[in-house]
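Take any residue in the sequence shown, count from 1 to its spot, add 8: that is its number in the working numbering. Quick reminder that beta carbons are idealized off the backbone N, C-alpha and C, glycines included. To start, the structure under review is shown below, and the notes come after it.
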Amino acid sequence: MKKRIVALSVFVGIVVFIIFSGCKKQKVDPAFDKTICLNYTDDPISKIPVGLVHDMVNGYKTRQLAKINEELKIDDARAIWFDLETLKKFIYQIESITIENNSSKSNEDLGIRIYYASYPYKNTWETTPKYHDHLKGFNKHPETMQYEIKHTLVMIPTIKIDNIDVDFNPLDTITYDHGLQDITKYGSTSEFPTFGLNLMPELKPNGGGSILGRNHGGLFPPKKEEGFGF
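Printed below as a string of structure tokens:
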């Protein structure tokens, strides 16, 4: 009986080791590294001097933000918040979908480009076909109806092509070699949804050809600035 318990304990230990070692970051040739479950325990932690953060945030408020508010006569957003799970899922989906579609790619080839952006005028939210109902219902919510022409961010996946980080759609393999440029369905008048992340309250996906994109978080203002350190 004791031997069976010992054997079972050893077996469980081996299984646990295999599970956790599967997520361990190893030094391997990037060309063959298809791992998307990594452990960064041994990597240095990213830090920013507090004083520098204050100067950068205050610099934006007193220069760019002040100018925007003065010229547009608005109280523009100065911060955006995303929940951690949304960001983790977004990154995971970029990596997993890309590597599944093209095994020659690895996370070394991938990135995210962050565009500065602003929401359209609200009289276009429900009447513009190319918005694909993405803003439908915003006029009916006291917070989201204040998003009109406010500053936001849009995140688009990138893939390395000829050593250049190019915007692409992980769901569309044509873009793996050429990016989004010069493809009609990615033009400014297109109604085709693409893979990207931008800040909005959670909405049900429209389905169909949606390119990888998420939009969950908060815009400040109109949200009340609570918990801010800068």
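| query | Is it right to say K75 is buried, meaning 16 or more other beta carbons lie within 10 angstroms of its own, or is it exposed? | reply | So K75 counts as exposed.
| query | In terms of alpha-carbon separation, which member of G195, E234, D63, Y48 lies closest to K138? | reply | Selected option, being the one with the closest Cα: G195.
| request: Using the Cα positions of Y184 and G59, report the straight-line distance between them to the nearest angstrom. | output: Rounded to the nearest angstrom, the two C-alpha atoms are 41 Å apart.
| task | Could you spell out the range, first to last residue, of the alpha helix (DSSP H) harbouring T106? | result | Judged by DSSP secondary structure, T106 falls within the alpha helix (DSSP H) whose first and last residues are 92-109.
| field | CA nearest to the CA of M134, picked from K144, S126, A125 | value | In the sequence under discussion, the amino acid at residue 134 is Glu, which differs from the Met named in the question. For the residues K144, S126, A125, the minimum Cα distance to E134 belongs to K144.
| Which residues DSSP lists as bridging K168, in chain order | According to DSSP, K168 bridges with D173.
| request: Inspect the beta-carbon positions of P178 and I99 and report whether they are closer than 8 Å. | output: It is not a contact, given that the beta carbons lie outside the stated cut-off.
| A74 in three-state terms, based on DSSP | The answer is helix: DSSP assigns A74 an H, G or I state.
| Expressed to the nearest angstrom, what Euclidean distance is found between the alpha-carbon atoms of S112 and G187? | Going by the C-alpha atoms only, they are around 16 Å apart.
| For T166, which residues of its own chain have a beta-carbon under 8 Å away from its beta-carbon, when the five flanking residues on both sides are left out? | Short of 8 Å from the beta carbon of T166, and not among the five residues preceding or following it, lie these beta carbons of its own chain, in chain order: L118, G119, I120, R121, D173, V174, D175, F176.
| On the three-state DSSP scale, how would you describe T160? | Of the three classes helix, strand and coil, the one that applies to T160 here is strand, per DSSP.
| request: Using beta-carbon positions only, say whether Y129 and T160 come within less than 8 Å of one another. | output: No. Outside cutoff.
| Segment limits, beta strand (DSSP E) that includes L227 | Run containing L227: 226-228, per the beta strand (DSSP E) assignment.
| query | Cα-Cα, which of N171, T132, D170 is closest to E156? | reply | For the residues N171, T132, D170, the minimum Cα distance to E156 belongs to T132.
| message | With H, G and I counted as helix, E and B as strand and the rest as coil, what does DSSP make of Y129? | response | In the displayed model, Y129 falls within coil according to three-state DSSP, outside both helix and strand.
| Is it the case that the Cβ atoms of G226 and M163 are separated by a distance below 8 Å? | No, the pair does not count as a contact, with Cβ atoms beyond the cut-off.
| said: How far does the beta strand (DSSP E) with A85 in it extend, from its first residue to its last? | reply: Note, A85: premise wrong, no beta strand (DSSP E); not H, not E.
| query | With 16 as the cutoff for other CB atoms within 10 Å, does S198 come out buried or exposed? | reply | By the 16-neighbour rule on beta-carbons within 10 angstroms, S198 is exposed.
| query | What span of residues does the alpha helix (DSSP H) with N66 cover, start to end? | reply | Where N66 is concerned, the enclosing alpha helix (DSSP H) stretches over 58-68.
| How would you label S54, buried or exposed, when you count the other beta carbons within 10 angstroms and need 16 or more for buried? | Within a 10 Å sphere around the beta-carbon of S54 sit fewer than 16 other beta-carbons, which makes this residue exposed.
| Nearest-angstrom Cα distance between E151 and E234? | E151 and E234: Cα-Cα distance of roughly 15 Å.
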